Amino acid sequence: MGFGMRGAGSAPILFSVKEGNTVALSELETARLHKRVGAYVEARRPPPHVRRELDLSYRVSGQSFELFEVRQAWRGAPGETIEHPIVKATFVKTVNAWRIYWQRADLRWHRYEPYPTARTIDEVLSVIETDEYGCFYG
0 MGFGMRGAGS APILFSVKEG NTVALSELET ARLHKRVGAY VEARRPPPHV RRELDLSYRV
60 SGQSFELFEV RQAWRGAPGE TIEHPIVKAT FVKTVNAWRI YWQRADLRWH RYEPYPTART
120 IDEVLSVIET DEYGCFYG
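Sequence positions in the sequence shown follow numbering that gives the first Met the number 0 and run 0 to 137.
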(Lines of atoms letter the chains of each structure in order from A and count residues from 1; the text may use other names and numbers.)
(Lines give C-alpha, C1' and ligand atoms only; values in the text may rest on other atoms or scores of the structure.)
Protein backbone atom coordinates (compact mmCIF):
# COMPACT_ATOMS: atom_id res chain seq x y z
CA MET A 1 0.00 0.00 0.00
CA GLY A 2 1.38 3.39 -0.91
CA PHE A 3 1.49 6.08 1.69
CA GLY A 4 1.44 9.07 -0.64
CA MET A 5 4.66 10.28 0.91
CA ARG A 6 7.03 9.65 -1.94
CA GLY A 7 6.89 10.95 -5.47
CA ALA A 8 7.24 8.64 -8.44
CA GLY A 9 10.82 7.58 -8.94
CA SER A 10 12.14 9.00 -5.68
CA ALA A 11 14.48 6.87 -3.62
CA PRO A 12 13.56 5.58 -0.16
CA ILE A 13 15.05 7.42 2.78
CA LEU A 14 18.13 5.72 4.16
CA PHE A 15 19.68 7.40 7.17
CA SER A 16 23.38 8.12 7.27
CA VAL A 17 25.63 7.15 10.13
CA LYS A 18 28.13 9.64 11.49
CA GLU A 19 31.30 8.28 13.08
CA GLY A 20 31.69 9.13 16.73
CA ASN A 21 28.43 11.04 16.90
CA THR A 22 25.85 10.00 19.47
CA VAL A 23 23.00 11.38 17.36
CA ALA A 24 22.19 8.99 14.54
CA LEU A 25 19.95 11.37 12.58
CA SER A 26 21.00 14.71 11.13
CA GLU A 27 18.65 17.70 11.09
CA LEU A 28 17.78 16.98 7.46
CA GLU A 29 17.08 13.32 8.21
CA THR A 30 14.95 14.30 11.21
CA ALA A 31 12.98 16.69 8.98
CA ARG A 32 12.43 13.88 6.45
CA LEU A 33 11.33 11.58 9.27
CA HIS A 34 8.79 14.21 10.43
CA LYS A 35 7.53 14.56 6.86
CA ARG A 36 7.02 10.80 6.33
CA VAL A 37 5.61 9.94 9.76
CA GLY A 38 3.55 13.13 9.87
CA ALA A 39 1.94 12.26 6.52
CA TYR A 40 1.25 8.71 7.75
CA VAL A 41 -0.41 10.02 10.92
CA GLU A 42 -2.38 12.73 9.11
CA ALA A 43 -3.82 10.15 6.68
CA ARG A 44 -5.02 7.99 9.59
CA ARG A 45 -6.36 10.57 12.03
CA PRO A 46 -10.08 10.37 12.81
CA PRO A 47 -12.49 12.98 11.40
CA PRO A 48 -12.10 16.47 12.92
CA HIS A 49 -15.29 16.22 15.01
CA VAL A 50 -13.88 13.11 16.79
CA ARG A 51 -10.36 14.38 17.49
CA ARG A 52 -11.26 16.03 20.77
CA GLU A 53 -12.15 12.59 22.16
CA LEU A 54 -9.71 10.41 20.19
CA ASP A 55 -6.76 11.36 18.04
CA LEU A 56 -3.55 9.92 16.65
CA SER A 57 -0.19 11.62 17.10
CA TYR A 58 3.56 11.00 17.14
CA ARG A 59 6.78 12.33 18.57
CA VAL A 60 10.39 12.14 17.46
CA SER A 61 13.05 11.94 20.14
CA GLY A 62 16.70 11.42 19.24
CA GLN A 63 16.84 8.51 16.81
CA SER A 64 13.36 7.18 17.73
CA PHE A 65 9.78 7.96 16.90
CA GLU A 66 6.65 6.82 18.67
CA LEU A 67 3.04 6.70 17.47
CA PHE A 68 0.32 6.98 20.10
CA GLU A 69 -3.42 7.51 20.59
CA VAL A 70 -4.52 10.64 22.44
CA ARG A 71 -7.72 10.33 24.48
CA GLN A 72 -9.57 12.48 26.98
CA ALA A 73 -8.65 11.51 30.53
CA TRP A 74 -11.58 9.66 32.06
CA ARG A 75 -11.14 11.08 35.56
CA GLY A 76 -9.01 14.06 34.73
CA ALA A 77 -9.59 17.77 34.58
CA PRO A 78 -11.44 19.11 31.53
CA GLY A 79 -9.08 19.08 28.57
CA GLU A 80 -6.66 16.67 30.24
CA THR A 81 -5.52 13.89 27.91
CA ILE A 82 -3.73 10.56 28.16
CA GLU A 83 -1.49 8.90 25.60
CA HIS A 84 -1.71 5.23 24.71
CA PRO A 85 1.46 4.00 22.93
CA ILE A 86 1.01 2.14 19.64
CA VAL A 87 4.49 1.57 18.23
CA LYS A 88 8.06 2.74 18.65
CA ALA A 89 10.84 2.57 16.06
CA THR A 90 14.48 3.31 16.80
CA PHE A 91 17.25 3.81 14.27
CA VAL A 92 20.31 1.78 15.30
CA LYS A 93 23.37 3.19 13.60
CA THR A 94 25.60 0.15 14.22
CA VAL A 95 23.36 -1.99 11.99
CA ASN A 96 22.00 0.87 9.82
CA ALA A 97 18.41 -0.29 10.40
CA TRP A 98 15.24 0.57 12.27
CA ARG A 99 14.15 -1.65 15.17
CA ILE A 100 10.41 -1.93 15.63
CA TYR A 101 8.81 -2.30 19.08
CA TRP A 102 5.35 -2.72 20.56
CA GLN A 103 4.26 -2.25 24.15
CA ARG A 104 2.92 -5.31 25.93
CA ALA A 105 0.71 -5.42 29.04
CA ASP A 106 3.86 -5.20 31.21
CA LEU A 107 4.28 -1.64 29.81
CA ARG A 108 7.71 -2.47 28.39
CA TRP A 109 8.73 -2.19 24.77
CA HIS A 110 9.29 -5.55 23.04
CA ARG A 111 10.66 -6.26 19.58
CA TYR A 112 7.93 -6.88 17.02
CA GLU A 113 8.78 -10.46 16.10
CA PRO A 114 7.32 -10.82 12.62
CA TYR A 115 9.52 -7.91 11.44
CA PRO A 116 11.94 -6.81 14.17
CA THR A 117 13.96 -4.58 11.81
CA ALA A 118 13.45 -2.50 8.69
CA ARG A 119 15.93 -0.74 6.41
CA THR A 120 13.84 2.33 5.56
CA ILE A 121 11.20 4.44 7.23
CA ASP A 122 8.76 3.48 4.47
CA GLU A 123 9.34 -0.17 5.35
CA VAL A 124 8.67 0.61 9.04
CA LEU A 125 5.39 2.34 8.13
CA SER A 126 4.40 -0.59 5.91
CA VAL A 127 5.01 -3.05 8.78
CA ILE A 128 2.91 -0.87 11.09
CA GLU A 129 0.09 -0.64 8.55
CA THR A 130 0.07 -4.41 7.90
CA ASP A 131 0.31 -5.24 11.63
CA GLU A 132 0.46 -8.98 10.98
CA TYR A 133 0.05 -9.96 14.65
CA GLY A 134 -2.42 -7.21 15.64
CA CYS A 135 0.03 -5.73 18.14
CA PHE A 136 -0.26 -2.08 17.11
CA TYR A 137 -3.91 -1.39 16.36
CA GLY A 138 -5.41 -4.54 17.88
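Glycine included, each C-beta is placed from N, C-alpha and C at the ideal position.
Given the structure is predicted, the values throughout are model-derived calculations rather than measurements.
In or out: E52 buried (at least 16 other Cβ within 10 Å) or exposed?
-> exposed
Between the stretch 89 to 103 and the stretch 119 to 135, are three or more C-beta pairs nearer than 8 Å?
-> yes
Does the beta-carbon of Y111 have 16 or more other beta-carbons within 10 angstroms, so that it is buried, or is it exposed?
-> buried
What is the rounded straight-line gap between the Cα of E65 and the Cα of R74?
-> 25 Å
Run through DSSP, which three-state label would L24 get?
-> coil
Closest residue to L24 among T129, G137, V91 and P113 (Cα-Cα distance) = V91
Presumed contact (8 Å Cβ cut-off) between N113 and Y132, rounded CB distance | It should be noted that the sequence gives Pro, not Asn, for residue 113. Sure, about 6 Å apart at Cβ, within 8 Å.
In terms of residues, what are the limits of the alpha helix (DSSP H) holding E68?
-> That residue, E68, is in no alpha helix (DSSP H); its beta strand (DSSP E) goes S63 to Q71.
What are the boundary residues of the beta strand (DSSP E) that includes E82?
-> T80 to V91
Quick one: what does DSSP say V94 is sitting in, helix, strand or coil?
-> coil
Would you kindly work out how many angstroms separate the C-alpha atoms of A76 and V59, rounded to a whole number?
-> 27 Å
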